[in-house]
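In our numbering, the protein residues as written are 321 to 630.
Note that CB positions come from ideal geometry on N, CA and C, so glycine has one too.
And the structure:
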């Protein structure tokens, strides 16, 4: 029997939005995500560094929210995911931002790390439901409750989750989430059930097909741990429905600070490590999707969090 789950501000009194289900009263204190009840974001602008079918030629209308339900030691967005940088927004202001991004030519509205604010984001989407004519992308770390995914059935057109780890030891050490794979794998299966096979349309000003519905599963290859990537690929080939999703293998890992506990994280991945993962994906028939050039490991691919568009 499926658990009933309604995403309203009542959840803030005993928060169970994410798999941690920390149960805090966010009107009184912050949850594990670092957030209270004030909608906060760090950037809302056209973003050109997503997968080609998301960014297209005009860019994805990305809204980067403050806070995160994971605490990845290597996070490239640490200033907003863990350090709390951002600007407070009202629900109506966020709705206006969605419409402005659409007017600027965004191919989609890209909600980046949004789970902790869903009771406020969904009302903003409701306000523009009849005026927003582009897809909504849910860009997340994959660490989602299946119940939350189900509750977004009528709001999300494209899912863009990470599938970060297979080994629970790695996910505990690097993200404080020992059950990450068990949770993320079930959430991703539900995302695929809800969207079906990827769908595209041609933009009138570009020959790049733009995704309108579907799932793209991202996986970032980590230095020193490419074998964990191989386990993830094997699971995907054996458990996910064929032709119902795209894969995005990323080589862009960039160390932003020195980690004394995990020295392997203090370097970029090698060509050997990334090619082993790419070769394995091709051997498994996982060739529908995207693979990065090694030159993608550059800091300029992370946008400046300067409150642009807020």
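query                                                                                                                                                                               : result
To the nearest angstrom, report how far apart residue 404 and residue 483 are at their CA atoms.                                                                                    : 24 Å
Inspect the beta-carbon positions of residue 400 and residue 463 and report whether they are closer than 8 Å.                                                                       : no
For residue 355, which residues in the same chain have their Cβ closer than 6 Å to its Cβ, ignoring the five residues on either side in sequence?                                   : 387, 436
Could you check the C-alpha separation between residue 572 and residue 394 for me, to the nearest Å?                                                                                : 12 Å
In terms of alpha-carbon separation, which member of 365, 402, 599 lies closest to residue 624?                                                                                     : 365
Would a check of beta-carbon distances place residue 548 closer than 8 Å to chain C?                                                                                                : The structure shown contains no chain C; it is built from a single protein chain.
To the nearest angstrom, how far is it from the Cα of residue 423 to the Cα of residue 583?                                                                                         : 46 Å
Of all the options 610, 335, 430, which has the alpha carbon lying nearest to the alpha carbon of residue 568?                                                                      : 610
In angstroms, rounded to a whole number, what distance separates the CA positions of residue 362 and residue 447?                                                                   : 22 Å
What's the call for residue 370, buried or exposed, on a 16-neighbour Cβ count within 10 Å?                                                                                         : buried
Once DSSP output is grouped into helix, strand and coil, what is the label at residue 470?                                                                                          : helix
Taking the CB atoms as reference points, tell me whether residue 603 and residue 566 lie closer together than 8 Å.                                                                  : no
Grouping DSSP H, G and I as helix and E and B as strand, with all else coil, what is residue 578?                                                                                   : coil
Taking C-beta to C-beta, are residue 339 and residue 465 nearer than 8 Å?                                                                                                           : yes
Can you tell me whether DSSP reads residue 360 as helix, strand or coil?                                                                                                            : strand
Check this for me: beta carbons of residue 383 and residue 417, under 8 Å apart or not?                                                                                             : yes
Is residue 330 helix, strand or coil when you go by DSSP?                                                                                                                           : helix
Counting C-beta neighbours from all protein chains within 10 Å, is the total for residue 548 16 or more, i.e. buried, or is it exposed?                                             : buried
At what residues does the alpha helix (DSSP H) containing residue 600 begin and finish?                                                                                             : 591-603
Any idea what DSSP makes of residue 559, helix, strand or coil?                                                                                                                     : helix
Would a C-beta distance cut-off of 8 Å place residue 357 and residue 332 closer than the cut-off?                                                                                   : yes
Taking the beta strand (DSSP E) that residue 529 belongs to, which residues open and close that run?                                                                                : 529-540
Per DSSP, which residues does residue 479 bridge with? Please list them.                                                                                                            : 458, 535
On the premise that residue 428 lies in contact with residue 508, defined as a C-beta separation below 8 Å, what is that separation, rounded to the nearest angstrom?               : Actually they do not touch by this definition, with Cβ atoms about 19 Å apart.
What are the start and end residues of the beta strand (DSSP E) that includes residue 522?                                                                                          : 519-522
Count the other C-beta atoms from every protein chain shown that fall within 10 angstroms of the C-beta of residue 321, then say buried if there are 16 or more, exposed otherwise. : Interpretation of residue 321 is limited by its pLDDT of 42, a score under 50 that renders its predicted location unreliable; the figure taken from the coordinates is listed afterwards. Residue 321 is exposed by the Cβ-count criterion.
Should residue 455 be labelled buried (16 or more other beta-carbon atoms within 10 Å of its own) or exposed?                                                                       : buried
Is DSSP giving residue 321 helix, strand or coil here?                                                                                                                              : Interpretation of residue 321 is limited by its pLDDT of 42, a score under 50 that renders its predicted location unreliable; no figure is taken from the coordinates.
Contact defined as beta carbons within less than 8 Å: I believe residue 419 pairs with residue 452. What is the distance between those atoms, to the nearest angstrom?              : 7 Å
Starting from residue 414, follow the alpha helix (DSSP H) in both directions and report where the run begins and ends.                                                             : 411-423
Name the two residues that bound the continuous beta strand (DSSP E) containing residue 379.                                                                                        : Counting along the chain, residue 379 falls outside any beta strand (DSSP E), and DSSP gives it neither H nor E.
Would you be able to state if there are at least three C-beta pairs under 8 Å between the segment 520-528 and the segment 548-560?                                                  : no
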